[in-house]
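A.B. asks: Sharing a structure, written as structure tokens. Questions coming.
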Amino acid sequence: MSKTYDDFLTSVPEADIAFVKEMHEIFLNHECKIDVKEAKSGFTVTYFYMLDKKRIALMNYVFRKQGMLVRIYARHIANYEKILDTLPEGMKKEVVKAGDCKRLNGISECSPTCTAGYDFHMDGVNYKKCKNSAFFWRVCEENNSFIKEMIENDLRSKFEVQ
């Protein structure tokens with residue numbers, strides 16, 4: 146049986162429901178689609194859009210021991226990287242400790258299907274991070290406004306590029 150957005154909402158911590166609903170509306174208002182799957186540790190929810198018959202993910206919600214996390218696929222980070230300088234220290238630490246992109250750093254190829262990570266600046270330092278871990282944060286009151294701001298900027302950039 147396929148899972149729905151409402152099924153997912155039942156597993157979202159009470160403190161995060163308003164944020165999750167607000168983000169859901171933002172994605173739907175930008176003609177994005179949602180894919181809800183059940184995983185070992187809870188639901189995996191992906192928001193995406195189609196571009197030339199290709200599925201382009203914008204964000205995932207995943208559940209881990211430390212709670213609900215969000216992974217942002219910031220394809221257009223170069224257009225709004227100044228936002229990264231305004232992140233709380235905890236979010237910045239997560240970015241710094243994220244794995245480096247092997248492809249961008251010329252070390253080796255990660256996977257034949259990997260489209261490479263992100264090359265960006267934060268606090269004047271150049272980072273080349275893996276797209277799967279660069280912007281992977283806990284959903285919580287301190288982080289939510291920054292998560293929302295990044296998504297809104299990426300959605301704006303998406304429409305400017307198309």
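So in this note's numbering, spot 12 of the sequence shown is number 157, and the numbers just go up one at a time. All C-beta atoms, glycine included, are put in the ideal place defined by N, C-alpha and C. Predicted model only: the values in this text are computed from it and were never measured.
1. With 16 as the cutoff for other CB atoms within 10 Å, does K276 come out buried or exposed?
2. Could you give the distance in angstroms between the alpha-carbon of L232 and the alpha-carbon of K242?
3. If you drop the 5 nearest sequence neighbours on each side, which residues of the same chain put their C-beta closer than 7 angstroms to that of V181?
4. Residue range of the alpha helix (DSSP H) that V157 falls in?
5. Look up T260 in the DSSP assignment and say whether it is helix, strand or coil.
6. I252: which of K274, H266, V270, E239 sits nearest, CA to CA?
7. Does the Cβ-Cβ distance between E133 and W282 come in under 7 angstroms?
C.D. replies: Per the coordinate set shown:
1. For this step, residue 276 is matched to residue 131 along the sequence shown. Buried: at least 16 other Cβ atoms inside 10 Å.
2. By one-based count along the sequence shown, residue 232 stands at place 87. By one-based count along the sequence shown, residue 242 stands at place 97. C-alpha of L232 to C-alpha of K242: approximately 15 angstroms in a straight line.
3. On the sequence shown, residue 181 is found 36 positions in, with the first residue counted as 1. Contacts found: K148, T149, Y150, D152, F153, F188, V190.
4. On the sequence shown, residue 157 is found 12 positions in, with the first residue counted as 1. V157 -> no alpha helix (DSSP H), and no H or E assigned at all.
5. Position 115 of the sequence shown, counting from 1, holds the residue named residue 260. Of the three classes helix, strand and coil, the one that applies to T260 here is coil, per DSSP.
6. Translated into positions along the sequence shown, residue 252 becomes position 107. Minimum Cα distance to I252 is reached at K274.
7. Past the boundaries of the shown model lies residue 133; the chain is included only from 146 to 307, so the question cannot be answered.
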